[in-house]
Amino acid sequence: MELTGAEIAIKCLQEEGVEYVFGYPGGAVLFIYDALFNQDQVKHILVRHEQAAVHAADGYARSTDRVGVALVTSGPGLTNAVTGIATAYMDSTPLVIISGQVPTGAIGEDAFQEVDAVGITRPCVKHNFLVKDVKNIAQTIKKAFYLAKSGRPGPVLVDIPKDVSNQKAVFDYPASVAIRSYQPAGKGDSGQIGRAAQMLLEAKRPMIYSGGGVILSDAAGQLTELTRLLGFPCTNTLMGLGGLSASDRHFVGMLGMHGTYVANMAMQHCDVLLAVGARFDDRVIGNVEHFAQVPRKIIHIDIDPSSIAKRVKVDLPIVGDVKLVLSDLLEALRGSRVPDQPAISAWWQQLKEWQTGGGDMRYRNSTEIIKPQFVIEKLYEITGGDAFITTDVGQHQMWAAQYYPFDHPRRWITSGGLGTMGFGLPAAMGVQLAHPGATVACVTGEGSIQMNIQELSTCKQFRLPIKIIALNNGYLGMVRQWQEFFHGNRYSETYMDALPDFVKLTEAYGHVGMRIEKPSDVEPALKEAFARKRDLVFLDFRTDPAENVYPMVPGGKGLSEIILAEEL
Amino acid sequence: MRHIISLLMENEAGALSRVAGLFSARGYNIESLSVAPTEDPTLSRMTIVTSGSDAVIEQINKQLNKLVDVAALIDLSEGEHLERELMLVKVRAEGETCEKVKRVADGFGGRVIDKSDSTCTFELSDTCARLDSFLQAIDRSLILETVRTGASGIGRGGRILKL
Ligand SMILES: Cc1ncc(C[n+]2csc(CCOP(=O)(O)OP(=O)(O)O)c2C)c(N)n1
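So the sequences go chain by chain: A and B. Throughout, the working numbering is defined as the position within the first sequence, counted from one, plus 7. Throughout, the working numbering is defined as the position within the second sequence, counted from one, plus 88.
Laid out in structure tokens, this is it:
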């Protein structure tokens, strides 16, 4: 039987087992929306802005191991989605974005709502397609899902002109695809893995540094086993939090610009560094020349060869799926010699000194004014450390990363690579839909939340009981902090004047709002909010406007040039 | 250092812009880029001449390989290879000038492919460096136009890039 292109597209989503499509209709996707209307297997979540559709699909994907799906119209629908697509690209989230395009005959004529979707998204997708023939829709969507999920994951765009979505073809969904020009890495080279085992066993000051790749490859179990087997210290990047349980005694905290003193010092001074699914980015190792001043051997495991030796020289590259490589590495280590125990103990001794001497992850609490760190600590307590936490971008994001320890992967959902304000609330929607009964909190600032606040309406429509933890300091806090440190306290355009009454605003959207101004009210308010299992609650915490995030490795500086909190 | 990278890619719309976009987005040098279909109509072969430190060249190779449309790639500069570029040069013909240039062109294996009262057009095919030398050897003020294709490269002997 012949189906229209639109029907074929929806059938493909059904075949892929897609639960939710996050989207927004428009002229170029009318046929696709019509096909959606005529079925109820794939549920559509109507967002209020296309950026939110992509972030929601992203949150859905990050909190599960599935592909997130978004659907947008041509022109402004697509351009609105671009921030979401770039966010997913930087953090390697598997997404399929279907966009409508003007009819094939109108392409290139500056037609109404025409943009070159493939051209605009090219630098921020893993791959993209313009489908010009209805006969190719099924195969293209199959490829899109395969590309999105395999290898190093990423967003894939499928642009479908309106006429193509209304032409007919026989539906035949391929069971599998092979793309001759695309061979994602699988197992790592066994010789290299053997050498890595050797190098690890000879280490005197070893360090394990793991990133988002461990989460994406579902390798937290292997990482944990390896860390414990070797007895080495381990740090996680912002994207890698939850890769090793924060309560594991080998965990020394997050590293990088706002990482712990001990993690950064150990990173700088180790002699053998095992990097797993991480990419040595500038927010993580700071100044590369400074990092290179201390000689150390680097073993780097990554599925993407281009991540290896991009910013730092690597002594032992292993290209492969992190999970498979770690399993083989464990195999190679089991039953072999043990690490150099006396050296490792002495190294741990040094780390303990850095841990106590660093003074980081401490703040001076107050009975007068709410400290943002205190809110996060209480959030951790009241949710039993078991919530899904999404964030926006800024100081609140760093405090959440520092003061909410994660024991499991895929619980921490944040825009690390692109640093996209406006990510938190829509991402939380995707997480909540993927985990209906779970506790989902979005930690945000009064600046960021206003970048996608319209999604409160989507949350009402789909009854998403997200808890919004707004650390409202009245400033674009992270920028203000940089202005304080590096621009002579000139707070140029970072004061958030004329803020709305968030309580009334939330109520206007049909939710519950709470304003919390006293430290003693923090805990009761959080308890009350989390007891409201069916309601979205917006908690507007009025926090200390002068608080800064410590420790801090200033941009362009080395890891050991870290600024610690003032003496407490 | 200068490198010649040769690659086979799917003959799909947009494949060329993926490569060109990669070079501009990541700030890599590009000296020349030439592309055309092969005997297999589903594949195009591209030759890119670029330059950079070893680390940059390594990244360029990796980033190109990462493009979904790139099926195979070889850094020709890492081994024995041949390089040829086609150049067309139109010079002003006044009195003896055409003859003079022709004598130089002979030494480069060039030939005249068009003549008019006032112009004379030469065709040369050689390495990029030899073509540069030719241009230096003739009187610059005579040159009306030069057109170069950018290098094409191929491995020597058994060095073959094929799917
Ligand atoms: C879309 C976008 N625009 C601008 C920035 C730059 N930026 C980074 S943090 C920040 C301030 C965020 O303020 P707020 O959400 O109130 O959080 P706070 O830092 O106060 O916790 C800004 C403007 C960004 N990351 N994203």
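In this text, a Cβ means the ideal position worked out from N, Cα and C, and glycines have one as well.
Residue i beta carbon near ligand 3 (any heavy atom closer than 7 angstroms)
i: residue 56 of chain A; result: Although ligand 3 was asked about, the structure shown includes only ligand 1 as ligands.
Integer-rounded CB distance, given that residue j should sit under 8 angstroms from residue i
i: residue 179 of chain A; j: residue 145 of chain A; result: 6 angstroms
i: residue 5 of chain A; j: residue 382 of chain A; result: Beyond the ends of chain A as shown, which are 8 and 575, falls residue 5 of chain A; an answer cannot be given.
i: residue 423 of chain A; j: residue 245 of chain A; result: 5 angstroms
i: residue 395 of chain A; j: residue 438 of chain A; result: 5 angstroms
i: residue 105 of chain A; j: residue 92 of chain A; result: Not confirmed; about 12 angstroms, so no contact.
i: residue 61 of chain A; j: residue 25 of chain A; result: Rounded, the Cβ-Cβ distance is 15 angstroms, inconsistent with contact.
i: residue 233 of chain A; j: residue 337 of chain A; result: 6 angstroms
i: residue 473 of chain A; j: residue 268 of chain A; result: Not confirmed; about 34 angstroms, so no contact.
i: residue 187 of chain A; j: residue 159 of chain B; result: 6 angstroms
Residue i, enclosing beta strand (DSSP E) - first and last residue
i: residue 527 of chain A; result: Per DSSP, residue 527 of chain A belongs to no beta strand (DSSP E); it is in the alpha helix (DSSP H), 526-538.
i: residue 242 of chain A; result: 241-243
i: residue 180 of chain B; result: 169-180
i: residue 216 of chain B; result: Segment 216-225 is the alpha helix (DSSP H) holding residue 216 of chain B; no beta strand (DSSP E) there.
i: residue 474 of chain A; result: 474-479
i: residue 449 of chain A; result: 447-452
i: residue 144 of chain A; result: Unbroken run through residue 144 of chain A is the alpha helix (DSSP H), 144-156; no beta strand (DSSP E).
i: residue 372 of chain A; result: Taken as a continuous stretch (DSSP letters only), residue 372 of chain A belongs to no beta strand (DSSP E), as it is neither H nor E.
i: residue 23 of chain A; result: Per DSSP, residue 23 of chain A belongs to no beta strand (DSSP E) and is neither H nor E.
i: residue 11 of chain A; result: 9-11
i: residue 275 of chain A; result: No beta strand (DSSP E) contains residue 275 of chain A, which is instead part of the alpha helix (DSSP H) from 268-276.
i: residue 209 of chain A; result: From DSSP, residue 209 of chain A is part of no beta strand (DSSP E) but of the alpha helix (DSSP H) over 197-209.
i: residue 98 of chain B; result: 90-98
Rounded straight-line distance, which links the Cα of residue j to that of residue i
i: residue 197 of chain B; j: residue 171 of chain B; result: 15 angstroms
i: residue 230 of chain B; j: residue 237 of chain B; result: 21 angstroms
i: residue 478 of chain A; j: residue 154 of chain B; result: 41 angstroms
i: residue 149 of chain A; j: residue 190 of chain B; result: 59 angstroms
i: residue 239 of chain B; j: residue 219 of chain B; result: 11 angstroms
i: residue 454 of chain A; j: residue 531 of chain A; result: 25 angstroms
i: residue 135 of chain B; j: residue 214 of chain A; result: 42 angstroms
i: residue 196 of chain A; j: residue 326 of chain A; result: 7 angstroms
i: residue 128 of chain A; j: residue 182 of chain B; result: 53 angstroms
i: residue 224 of chain B; j: residue 235 of chain B; result: 15 angstroms
i: residue 125 of chain B; j: residue 152 of chain B; result: 18 angstroms
i: residue 83 of chain A; j: residue 111 of chain A; result: 18 angstroms
i: residue 537 of chain A; j: residue 471 of chain A; result: 13 angstroms
i: residue 411 of chain A; j: residue 251 of chain B; result: 51 angstroms
i: residue 85 of chain A; j: residue 35 of chain A; result: 11 angstroms
i: residue 275 of chain A; j: residue 301 of chain A; result: 7 angstroms
i: residue 228 of chain A; j: residue 333 of chain A; result: 10 angstroms
i: residue 324 of chain A; j: residue 308 of chain A; result: 6 angstroms
i: residue 99 of chain B; j: residue 127 of chain B; result: 12 angstroms
i: residue 279 of chain A; j: residue 287 of chain A; result: 15 angstroms
i: residue 89 of chain A; j: residue 58 of chain A; result: 7 angstroms
i: residue 320 of chain A; j: residue 305 of chain A; result: 8 angstroms
i: residue 90 of chain B; j: residue 163 of chain A; result: 34 angstroms
i: residue 294 of chain A; j: residue 561 of chain A; result: 10 angstroms
i: residue 557 of chain A; j: residue 540 of chain A; result: 34 angstroms
beta-carbon residue i near ligand 1 non-hydrogen atom, thresh 7 angstroms
i: residue 403 of chain A; result: yes
i: residue 480 of chain A; result: yes
i: residue 483 of chain A; result: yes
i: residue 455 of chain A; result: yes
i: residue 458 of chain A; result: yes
i: residue 382 of chain A; result: no
i: residue 5 of chain A; result: There is simply no residue 5 of chain A to check, as chain A begins at 8 and stops at 575 in what is shown.
i: residue 61 of chain A; result: no
i: residue 295 of chain A; result: no
i: residue 288 of chain A; result: no
i: residue 91 of chain A; result: no
i: residue 423 of chain A; result: no
i: residue 65 of chain A; result: no
i: residue 504 of chain A; result: no
i: residue 263 of chain A; result: no
i: residue 399 of chain A; result: yes
i: residue 6 of chain A; result: Residue numbering for chain A in the displayed model covers 8 to 575; residue 6 of chain A lies beyond these limits and cannot be assessed.
Start-to-end residues for the alpha helix (DSSP H) that takes in residue i
i: residue 153 of chain B; result: 142-154
i: residue 83 of chain A; result: 83-97
i: residue 410 of chain A; result: 402-410
i: residue 183 of chain B; result: From DSSP, residue 183 of chain B is part of no alpha helix (DSSP H); its letter is neither H nor E.
i: residue 464 of chain A; result: 462-468
i: residue 345 of chain A; result: From DSSP, residue 345 of chain A is part of no alpha helix (DSSP H); its letter is neither H nor E.
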